[in-house]
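Before any comments, here is the structure.
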Amino acid sequence: MPDLRPLIEHWGYVAIFVFVILGNLGIPVPEESILVMAGYLVWQGELRLPLVLLVGIFSAISGDNLGYWIGRRYGQAAVVRYGRWVRLTPARLDATRRVVTRYGAVAVFAARFIAGLRFLVGPLAGSTALPPFGFVTANILGALLYVPTMVAAGYGLAYGLGDYLQKFERVAGRVEHVVLFGAILGTAGALGLRVLRVRRDRRDA
């Protein structure tokens with residue numbers, strides 16, 4: 308997993324949008340982690356909560372709607388090929404299809420909170436002819452609950468452990484400096500010993 312904090316600090320809301328929409332399309336990216344980290348950065352004052360929620364909810368809805376359109380437009384065959392691409396077994400694909408067929412919009416809403424199913428439900432719902440109104444409604448309601456929950460988790464973690472996390476970052480930074488300094492000293496010492504050994508060999512010769 309990439310180091311998410313500098314990624315969000317550099318790209319800001321664009322990183323949130325890209326990661327969340329890709330995660331909802333089945334690309335293996337740390338979607339939940341990016342939202343939790345965004346909540347942490349909101350607590351630190353580096354991001355604004357309304358914009359984080361707006362971007363997160365919009366991208367979550369957009370990603371699932373795109374998946375639904377793909378399933379509706381290209382059918383079951385496209386979903387099967389897509390499942391192979393993301394390494395989904397036929398058994399898991401069939402089981403998820405049965406759940407979506409039986410529970411419809413309820414399955415769409417519930418899958419929002421299950422990482423391994425979230426991206427798959429959209430295409431399956433489209434390919435099983437779930438009406439657009441039911442899918443979009445469940446998708447919006449799920450995103451309105453899911454995104455604030457993940458962001459709140461990051462904010463709450465920072466609020467409860469903020470002082471400890473900041474101290475840890477400072478200590479980690481010092482440790483990195485010590486390790487770097489030690490590596491420099493070790494390299495210099497090794498080179499010095501090498502030079503002394505060469506000179507000694509020359510004298511002995």
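Residue numbering for the sequence shown follows the working numbering, starting at 308 and increasing by one per position.
Positions of the beta carbon are idealized from the N, C-alpha and C atoms, including for glycine.
Setting aside the 5 residues that flank it on each side, L464 is surrounded in the same chain by Y347, each with a C-beta closer than 7 Å to its C-beta; the list follows chain order. Minimum Cα-Cα distance from G378 among the listed residues L314, L427, R504 corresponds to L427. A direct Cα-Cα distance of roughly 6 Å separates A460 from V343. F440 carries a helical assignment under DSSP once its states are collapsed to helix, strand and coil.
For P430 against G374, the beta-carbon gap comes to about 5 Å, under 8 Å, which counts as contact. Straight across, the Cα-Cα distance linking A450 with L358 is about 15 Å. Under the DSSP assignment, G352 falls outside any alpha helix (DSSP H); it carries neither an H nor an E label. For R419, there is no enclosing alpha helix (DSSP H), as DSSP marks it with neither H nor E. Restricting attention to M457, R405, L468, G423, the CA atom closest to the CA of L437 is found in R405.
Within the same chain, and ignoring the five residues on either side of R355 in sequence, the residues whose Cβ sits closer than 8 Å to its Cβ are V349. The Cβ-Cβ distance between V327 and S366 falls below 8 Å. For P313, the enclosing alpha helix (DSSP H) starts and ends at 311-318. Scanning G382, G319, G370 for the CA closest to the CA of E353 turns up G319. Just measuring C-alpha positions, the residue of V413, I341, P397, A412 sitting nearest Q383 is P397.
Of the residues L311, I447, L360, the one whose Cα lies closest to the Cα of P455 is L360.
The beta carbons of A422 and E339 sit about 7 Å from each other, so the pair counts as a contact at 8 Å. In its own chain, leaving out the 5 sequence neighbours on each side, no residue places its CB closer than 6 Å to the CB of N372. Within the model, the alpha-carbon separation for A412 versus P313 is close to 37 Å.
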